[in-house]
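Residue numbers (our numbering): 1 to 289.
Here a beta-carbon is modelled for each residue, glycine too, at the ideal position from N, C-alpha and C.
Source: prediction; values computed, not measured.
Let me begin by presenting the structure, written as structure tokens, before commenting on it.
Below is the structure:
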């Protein structure tokens with residue numbers, strides 16, 4: 001990993017969602033090694049003991065369940081004298097599929113995990129941050145919160161909504177000592193494609209869809225071994241930015257991660273809408289060759 005900020009003298013309490021694999025796991029282990037008091041949460045009970053054996057404080061948390069969220073926050077506050085200094089909202093999944101193939105229930109499930117559970121958890125943590133006059137709320141968004149690609153309508157929607165929610169919260173918390181930060185990764189090495197493929201198989205009727213031929217090509221990308229696209233980075237690229245967001249006196253509002261995020265953010269600023277649509281359609285076509 002490239003240049004790091006100096007290690008903090010006083011360990012801060014960090015709550016991270018979605019720590020079973022990928023970005024969440026990497027950030028949890030990286031901050032733990034840096035001296036933070038990390039509470040890593042997972043949705044699979046089987047992962048709780050596995051992470052505990054690696055030295056992490058690990059709790060079960062289901063973002064779709066309000067009682068689970070309340071129980072998790074209460075346990076942490078009871079163990080830390082009421083402190084949660086940093087919240088890294090990482091837990092999320094992607095639901096592939098054309099918009100016209102998404103049922104109301106499928107879209108609702110995507111928003112429950114990626115947006116509504118995250119909002120509920122954040123709202124429970126804010127009072128503890130207000131009490132101590134310090135906090136970092138770090139949202140793991142996506143390049144797909146900046147631009148949209150076909151066949152990712154549910155995920156695009158959840159991340160666009162997270163961006164709007166975070167921008168609003170940042171303004172509302174101005175002057176409290178609590179900073180709201182968005183991290184916007186492009187392709188990162190993780191189990192994301194595997195989980196997305198499972199959600200696709202569960203909820204999309206490929207053979208009944210007018211998009212069947214595209215789905216067949218999409219399945220090859222989702223099941224491809226190794227990185228599916230160029231410019232894929234390891235999760236340590238996100239960890240580096242999380243560290244800066246925590247330790248900088250003035251963290252950035254947004255952290256772009258991977259070349260595609262920088263590229264598409266720039267193109268969105270300078271291109272007319274129809275020209276950007278042309279670029280995004282070409283990207284999607286090349287993805288699903």
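Original post:
Are the stretch 129–143 and the stretch 172–180 touching, with three or more C-beta to C-beta distances below 8 Å?
Top reply: yes
**OP:** Consult DSSP for residue 76 and reduce its assignment to one of helix, strand or coil.
**Re:** Taking the chain shown and counting its residues from 1, the one referred to as residue 76 is at position 76. Three-state DSSP puts residue 76 in a helix.
**OP:** Return the chain-ordered list of same chain residues with a C-beta closer than 8 Å to the C-beta of residue 292, the five sequence neighbours on each side being excluded.
**Re:** This structure cannot speak to residue 292, because the chain is shown only from 1 to 289.
Original post:
I think residue 241 touches residue 262, with their Cβ atoms under 8 Å apart; what is that distance to the nearest whole Å?
Top reply: Position 241 of the chain shown, counting from 1, holds the residue named residue 241. Position 262 of the chain shown, counting from 1, holds the residue named residue 262. Incorrect: roughly 13 Å between the Cβ atoms, too far for contact.
Subject >> Same chain only: Cβ atoms within 8 Å of residue 217, ignoring 5 sequence neighbours per side >> reply: Stepping through the chain shown from its first residue, residue 217 is reached at position 217. Same-chain partners within the cutoff: 288 and 289.
**OP:** Quick one: which unbroken alpha helix (DSSP H) runs of 4-plus residues sit fully inside the stretch 37–77? Chain order, please.
**Re:** 45–52
Original post:
DSSP beta-bridge partners for residue 247?
Top reply: As a first step, residue 247 is located in the chain shown; it is residue number 247 there, counting from the start. Paired residues: none, contrary to the question.
**OP:** Could you name the residues that DSSP lists as bridge partners for residue 256?
**Re:** For this step, residue 256 is matched to residue 256 along the chain shown. Beta-bridge pairing links residue 256 to 184.
Subject >> Top-ranked residue by Cα proximity to residue 221, from 243, 237 and 192 >> reply: As a working mapping, residue 221 is identified with position 221 in the chain shown. Checked all of 243, 237 and 192; the closest Cα to residue 221 is 192.
Original post:
Taking the DSSP output, what are the residues bridged to residue 87?
Top reply: Within the chain shown, residue 87 is the residue found at index 87, counting from 1. Its beta-bridge partners are 15 and 137.
**OP:** Please list the segments of the beta strand (DSSP E) lying wholly inside the stretch 94–147, counting only runs of 3 or more residues, in order along the chain.
**Re:** 135–140
**OP:** Can you check the stretch 179–245 for any alpha helix (DSSP H) of at least 4 residues that lies completely inside it and give the ranges in chain order?
**Re:** 192–203 and 212–222
Original post:
Does DSSP put residue 6 in a helix, a strand or coil?
Top reply: Counted from its first residue, the chain shown places residue 6 at position 6. Unreliable placement is indicated for residue 6, whose pLDDT of 43 sits below 50; no coordinate value is reported for it.
**OP:** Closer than 7 Å by C-beta to residue 7: which residues in its own chain qualify, once you throw out the five before and the five after it? Chain order, please.
**Re:** Stepping through the chain shown from its first residue, residue 7 is reached at position 7. Per-residue confidence for residue 7 stands at a pLDDT of 46, beneath the threshold of 50, marking its modelled position as unreliable; the derived number appears in the next sentence. Closer than 7 Å at Cβ, skipping near neighbours: 34 and 35.
Subject >> Under the three-state DSSP convention, the category residue 152 falls into >> reply: Mapped onto the chain shown, residue 152 falls at position 152. Reduced to three states, the DSSP call for residue 152 is strand.
Subject >> Three-way DSSP call (helix, strand, coil) for residue 21 in this model >> reply: The residue you call residue 21 lines up with position 21 of the chain shown. If DSSP states are grouped into helix, strand and coil, residue 21 belongs with coil.
Subject >> Beta-carbon gap between residue 249 and residue 189 smaller than 8 Å >> reply: Within the chain shown, the letter at position 249 stands for residue 249. Within the chain shown, the letter at position 189 stands for residue 189. No. Outside cutoff.
**OP:** Just the C-alpha distance for residue 4 and residue 243, rounded to the nearest angstrom, thanks.
**Re:** Within the chain shown, the letter at position 4 stands for residue 4. Within the chain shown, the letter at position 243 stands for residue 243. Here the model assigns residue 4 a pLDDT of 44, short of 50, so the residue's position is not dependable, and the following value carries that caveat. Going from the Cα of residue 4 to the Cα of residue 243 covers about 8 Å.
Original post:
Run through DSSP, which three-state label would residue 167 get?
Top reply: As a first step, residue 167 must be located in the chain shown, where it is residue number 167. Three-state DSSP puts residue 167 in a helix.
Original post:
When the Cα atoms are used, what is the spatial distance from residue 264 to residue 20?
Top reply: By one-based count along the chain shown, residue 264 stands at place 264. By one-based count along the chain shown, residue 20 stands at place 20. About 29 Å.
Original post:
Between the stretch 33–53 and the stretch 153–166, are three or more C-beta pairs nearer than 8 Å?
Top reply: no
**OP:** Measure the CB-CB distance between residue 144 and residue 155 and report whether it falls below 8 Å.
**Re:** In the chain shown, the residue the question calls residue 144 occupies position 144. In the chain shown, the residue the question calls residue 155 occupies position 155. Closer than 8 Å, so yes.
**OP:** Classify residue 32 as helix, strand or coil using the three-state DSSP reduction.
**Re:** Within the chain shown, the letter at position 32 stands for residue 32. In the structure shown, residue 32 sits in a helix (DSSP, three-state: H, G or I).
Subject >> Distance CB(residue 43)-CB(residue 61) smaller than 8 Å >> reply: Locating residue 43 in the chain shown gives position 43, counting from the first residue. Locating residue 61 in the chain shown gives position 61, counting from the first residue. Yes. Within cutoff.
**OP:** Count the other CB atoms, across all protein chains shown, that sit within 10 Å of the CB of residue 223; report buried if there are 16 or more and exposed otherwise.
**Re:** Within the chain shown, residue 223 is the residue found at index 223, counting from 1. By the 10 Å Cβ count, residue 223 comes out exposed.
Original post:
Is residue 78 closer than 8 Å to residue 56 when the C-beta atoms are compared?
Top reply: As a working mapping, residue 56 is identified with position 56 in the chain shown. As a working mapping, residue 78 is identified with position 78 in the chain shown. Not closer than 8 Å, so no.
Original post:
DSSP state of residue 1, grouped into three classes?
Top reply: Taking the chain shown and counting its residues from 1, the one referred to as residue 1 is at position 1. For residue 1, the predicted structure reports a pLDDT of 40, less than 50, and the residue's modelled location is therefore unreliable. A value from the coordinates is still provided. Three-state DSSP puts residue 1 in coil, outside helix and strand.
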